[in-house]
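Everything below concerns the one structure shown next.
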Ligand code: ADP
């Protein structure tokens, strides 16, 4: 039985994230998506909103759970008895950041393995901040995020 942790900001969740969640749920017995209450990043959506948006799009993945996490990912993985962290990789620029993070997480928790899943070509340039920017100018993001996220973005930027 292997439980894997997929940590991220998911501000908001995109089809790129959802693709990684679907693929991870096939590879591992249980996938715990941990939504980071990140103090260093100023998120647009609250943790509760980010969790709701993921839940609304992942009901079909029976071995997936969505939780909030604070503090270090390495500590949270230990607490949750998850020996694997999943991360998605897009461009080479992700590699640089992710390598540092994987090595540091291994230093902090020697039992932890980081597993990288390559993005699909169609999601290569997809990230949450680009989606927020387009949505804030009333642009159409429906090819990149699920319908419930389109609605939430429209509400958020029309407030
Ligand atoms: P970011 O790291 O871009 O601020 P998140 O923290 O929400 O965004 O990302 C969580 C994880 O999902 C990271 O490992 C990130 O590389 C991965 N990810 C984000 N967007 C995509 C995508 N389009 N395809 C594959 N992986 C992605």
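In the working numbering, the protein residues as written are 261 to 419.
Idealized CB from N, CA, C, for every residue including glycine.
Source: prediction; values computed, not measured.
For the pair of segments examined, the region 359-378 was found not to touch the region 402-416: the number of CB pairs separated by less than 8 Å stays below three.
The alpha helix (DSSP H) runs lying completely inside the region 344-407 and spanning 4 residues or more are 352-368 and 388-396, given in chain order. For residue 327, the enclosing beta strand (DSSP E) stretches over residues 324-329. In the assembly as shown, residue 381 is an exposed residue. Its beta-carbon has fewer than 16 other beta-carbons within 10 Å. Residue environment for residue 281: buried (at least 16 other C-beta atoms within 10 angstroms of its C-beta).
Residue 263 carries a strand assignment under DSSP once its states are collapsed to helix, strand and coil. Inclusion of residue 272 and residue 366 in the CB contact set at 8 Å is not warranted, their separation being larger than that value. Shortest gap from the CB of residue 331 to any heavy atom of the ligand ADP: 7 Å or more.
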